[in-house]
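Chemist: This is the structure I have questions about; it appears just below.
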Amino acid sequence: MTAWNYQNNLGNKLRGLDPPPLFFEKSEGEDIFLYGNEVVYDKEGTKFQFANSSRVQFKDLNLDVSFLEYDADKQMFKSNYPIRFTSERLSGSGQRMLYSLKDRALELNEDIHLEILSDLSPSIPIVLEGDMFSFVKRGKKGKLQGNVRLSHDRSWVTSDCLDFKLTANNENIRTML
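Counting from 310, one number per residue, gives the positions in the sequence shown under this note's numbering.
Structure (structure tokens):
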């Protein structure tokens with residue numbers, strides 16, 4: 310394993326500056342940019358560990374986490390640390406994450422908090438909370454399980470499980486069960 314640390318020539322970590330992107334991967338015709346102040350990787354360039362404030366950018370999605378692993382052979386991101394993500398219409402957090410580039414499948418675990426801006430009420434988000442969240446982009450289907458709470462403004466509902474499917478443009482929830 311090789312270690313890389315983003316430092317200036319005095320050996321001090323640079324503060325307030327982003328390190329250069331360390332890794333690129335084409336996905337859906339777009340680049341994925343990965344940033345990390347400290348990176349450890351194997352000599353084959355197949356296993357990466359991004360530590361000490363890691364960030365992933367893909368299209369309009371930004372993901373922030375203190376520690377992130379990437380396995381290039383499996384095309385899999387993994388973190389067992391709190392994670393936060395934002396995009397134009399969706400933001401959220403969880404304590405652990407798995408994401409498969411190959412399958413376009415996301416899994417978040419523990420203390421899931423999601424906020425979705427809808428066309429019907431763009432200033433008040435739909436808030437989803439639960440213990441486990443999974444989403445497969447190809448089928449546009451997702452599931453939130455365990456202590457599920459859905460709220461919008463002053464309205465709310467609770468459940469053990471919530472299944473949903475997105476609209477064709479991926480911007481709104483089409484059905485919920």
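All residues carry an ideal CB built from backbone N, CA and C; glycine is no exception.
In three-state DSSP terms, what is Glu-526?
Modeler: Not covered by the structure: residue 526. The range shown for the chain is 310 to 486.
Chemist: Assign Gly-403 to one of two classes, buried (16 or more other C-beta atoms within 10 Å of its C-beta) or exposed (fewer than that).
Modeler: Under this definition Gly-403 is a buried residue.
Chemist: Assuming contact is defined by CB atoms lying nearer than 7 angstroms, are Leu-423 and Arg-398 in contact in what I supplied?
Modeler: No, the pair does not count as a contact, with Cβ atoms beyond the cut-off.
Chemist: If contacts are defined as beta-carbon pairs under 8 angstroms, then Phe-376 and Tyr-390 qualify, I think. What distance do you get, rounded to the angstrom?
Modeler: With a Cβ gap of about 5 angstroms, Phe-376 and Tyr-390 count as contacting.
Chemist: Would you give the residue range spanned by the beta strand (DSSP E) that Asn-371 belongs to?
Modeler: Segment 370 to 380, the beta strand (DSSP E) holding Asn-371.
Chemist: Buried or exposed: Asn-429, going by 16 or more other Cβ atoms within 10 Å of its Cβ?
Modeler: A small correction: the amino acid at residue 429 is Leu; Asn does not occupy that position in the sequence shown. Leu-429 should be labelled exposed.
Chemist: What residue does the beta strand (DSSP E) around Glu-397 start on, and which one ends it?
Modeler: Glu-397 -> no beta strand (DSSP E), and no H or E assigned at all.
Chemist: On the three-state DSSP scale, how would you describe Gln-454?
Modeler: Residue state, collapsed to three classes: strand.
Chemist: Checking the sheet assignment: what are the DSSP bridge partners for Ile-433?
Modeler: Its beta-bridge partners do not exist; DSSP assigns none.
Chemist: Taking the continuous beta strand (DSSP E) assigned at Leu-417, which residues delimit it?
Modeler: Leu-417 -> beta strand (DSSP E) spans 414 to 425.
Chemist: For Glu-438, count neighbouring C-beta atoms within 10 Å of its own C-beta (all shown protein chains included) and say buried if the count is 16 or more, exposed if not.
Modeler: Classification for Glu-438: buried.
Chemist: Among residues of its own chain, excluding the 5 on either side of Thr-355, which ones have a beta-carbon nearer than 6 angstroms to its beta-carbon?
Modeler: So the qualifying residues of the chain are Ala-381 and Asp-382.
Chemist: Between the C-alpha atoms of Asp-472 and Met-385, what's the straight-line distance to the nearest angstrom?
Modeler: Cα to Cα, the separation comes out at about 24 angstroms.
Chemist: Looking at Val-436: is its Cβ nearer than 7 angstroms to the Cβ of Ser-460?
Modeler: Yes; because the gap between Cβ atoms is below 7 angstroms, this pair is in contact.
Chemist: What did DSSP end up calling Leu-410 once you bin it into helix, strand or coil?
Modeler: Here Leu-410 sits in coil by DSSP.
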